[in-house]
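Below you'll find the structure, written out as structure tokens, and then a few comments.
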Amino acid sequence: MDNQRNEEIISEPIYVNVTGKRQTSPVEISQLYDYIKKNKEHNCLGFKKEFEELPVGLLACCEVSRKADNRAKNRYGNIVAYDHSRVILDPIQGEPNTDYVNANYMDGYSRKKAFIASQGPNKTMIRDFWRMVWQLKISKIVMLTNLVEACKRKCEQYWPEEGSIKYGEVTVKLVHTRKYTDYTIRTFEIARVGSSEEISKIVKQFHFTTWSDHGAPTYPTTLLAFRRKVLLYNTDSTAPILCHCSAGIGRTGTYIALDYLLDQAQHENVVDVLGIAQIMRTNRVNMIQTWEQYVFVYDAVLEAIKSGNTTILRSVFRNVYQDMCTAHDDGEKTELERQYEVDV
């Protein structure tokens, strides 16, 4: 029913002509502040025009997703997985068309297939979601949607509240939950029935909870802190980071683009938001869904470059704050005053 309703509501062109569109718009870091300021004039007119350079709709074949057996696996009728970049599951013996999941590989800045952009599982997809996690040895799941938003179901709960639940051949056990202001981190232990591999694996889900559909976080700082949490866990893993929201294109595209661009800024001293958005849209439909999300990517990159990591542990906050309020030389500004001047 969820799938049928969205197929009726959402309609987009099947293929579009992208000839004549700009493919890239690199900005040097030293010019980024001025570039953002200029393009935000007149209610972000410059950024809106830049966003309109992106191709809209399906740009590649998606025949597998259109098969009758696979249609129910798509949360939204027009958000399907391109054939050339889709995650291919190991087929289940005796069950036809079991290699499909609504998810596509995305390259990171320095590594191919660094991410998987996936829809939020619907009821039909939950078993395949965990098959994907097990098969690809995924240790990090980034979830950017709430289960229900504005009274609408955005994602099925695919994990147990407590204890363990078996999803197909994969058993998922909740080991630990830690809640922060803007996100929750859950630790799962997963095992596969009849597997000849190691007995169990640990998977962490990083669940960002203050990002509304089609919009952007109020402040980049919270998402940047969240990203650092993701990066610091299991740094030796070469498996893709599995990233999803509801459709797997708006918030998911924004997060993956931000990760790519922060690495690009570090290595090249340049960011190309239009360029990475173009590339992502060749691998999954409509990545970075709205112009507000597009502008947020610019703001978040600038925030990260200007301010760096401003997270302070609660246990040392009092001492750090006192030090920031102290001028160590006569006539000099305090660290707090200097940081304020950077941000205004």
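At position 18 of the sequence shown (counting the first as 1) the number is 18 in full-length UniProt numbering, and the numbers step up by one without a gap.
Beta carbons: idealized from backbone N, C-alpha and C, even for Gly.
As assigned by DSSP and simplified to three states, the class of residue i
i	result
Lys179	strand
Leu58	coil
Tyr294	helix
Ala103	strand
Ile276	helix
Met1	Residue placement at Met1 cannot be trusted, given a pLDDT of 43 that sits under 50; the coordinates are not used to answer.
Ala68	coil
Glu41	helix
Gln23	coil
Ile9	Note that Ile9 scores a pLDDT of 37, beneath 50, so its modelled location is shaky; the value from the coordinates is reported in the next line. Residue state, collapsed to three classes: helix.
Arg284	coil
Thr222	helix
Glu161	coil
Ile88	strand
Lys166	strand
Leu174	strand
Glu63	helix
Ile312	With a pLDDT of 43 at Ile312, under the threshold of 50, the modelled position of this residue cannot be trusted; read the value that follows with caution. Coil, per DSSP.
Arg153	strand
Val301	helix
Glu28	strand
Val270	strand
Val80	coil
Ile14	In this predicted model, Ile14 has a pLDDT of only 44, less than 50, meaning its place in the structure is not dependable; the value taken from the coordinates is given anyway. DSSP places Ile14 in coil when its eight states are reduced to three.
Asp128	helix
Ile249	coil
Ser307	helix
C-alpha gap between residue i and residue j, whole angstroms
i	j	result
Ile79	Ser246	10 angstroms
Ile141	Asp34	35 angstroms
Asn269	Glu28	6 angstroms
Val271	Met132	32 angstroms
residue 347	Thr221	A query on residue 347 cannot be resolved here, the shown segment of the chain reaching from 1 to 344 and no further.
residue 352	Gly94	Because residue 352 is not part of the residues shown, which for the chain are 1 to 344, the question remains open.
Leu224	Ser200	31 angstroms
Gln205	Val273	27 angstroms
Val320	Asn234	Its pLDDT being 44, under 50, Val320 is placed unreliably in this model, and the value from its coordinates should be taken loosely. Roughly 29 angstroms between the two C-alpha positions.
Tyr82	Val285	8 angstroms
Ile126	Glu156	8 angstroms
Ile92	Gly194	14 angstroms
Arg251	Arg192	30 angstroms
Gln23	Leu54	8 angstroms
Gln278	Glu292	17 angstroms
Trp130	Val170	7 angstroms
Lys179	Arg186	9 angstroms
Leu59	Leu174	39 angstroms
Phe226	Gly57	30 angstroms
Ile36	Thr282	26 angstroms
Val103	Leu32	The sequence as given places Ala at residue 103; Val does not occur at that position. Taking the straight line from one Cα to the other gives about 33 angstroms.
Leu89	Lys40	43 angstroms
Thr254	Tyr294	7 angstroms
Ser25	Asp182	32 angstroms
Leu313	Pro121	Because the pLDDT of Leu313 is 45, which lies under 50, any placement of that residue in the model is unreliable, and the question is left without a value.
His42	Gly275	24 angstroms
Cys44	Lys112	33 angstroms
Met143	Met287	16 angstroms
Ile190	Thr290	36 angstroms
Tyr298	Gly248	20 angstroms
Asp99	Ser30	47 angstroms
Trp134	Lys38	47 angstroms
Asp107	Ala239	12 angstroms
Glu161	Phe296	33 angstroms
Pro217	Cys151	20 angstroms
Nearest-angstrom beta carbon gap, residue j and residue i [assumed within contact, 8 angstroms]
i	j	result
Ser118	His207	Actually they do not touch by this definition, with Cβ atoms about 14 angstroms apart.
Phe188	Trp159	6 angstroms
Ser85	Tyr105	5 angstroms
Lys123	Asn97	In fact, because the Cβ distance is near 17 angstroms, the residues do not count as touching under 8 angstroms.
Val101	Asp128	5 angstroms
Val203	Ser139	6 angstroms
Ser212	Glu149	7 angstroms
Lys154	Thr145	5 angstroms
Ala257	Met280	7 angstroms
Residues bridged to residue i [DSSP beta-bridge criterion]
i	result
Leu261	Leu261 is not bridged to any residue.
Phe208	Tyr183
Thr98	Thr98 pairs with nothing; no bridge assigned.
Tyr242	The sequence shown places Leu at residue 242, not Tyr. Answer by DSSP bridge pairing, in chain order: Ile116 and Ile141.
Lys201	Ile190
Val148	Arg153
Contact with chain B by residue i, beta-carbon distance below 8 angstroms
i	result
Cys243	No chain B appears in this structure, which consists of one protein chain only.
Exercise. Should the segment 162-178 be called in touch with the segment 256-265, which here means at least 3 C-beta pairs below 8 angstroms?
Worked result: no
Exercise. Any chance the segment 288-305 sits against the segment 60-76, with 3 or more Cβ pairs inside 8 angstroms?
Worked result: no
Problem set entry | the segment 70-79 in contact with the segment 36-48 per 3-pair CB rule at 8 angstroms | no
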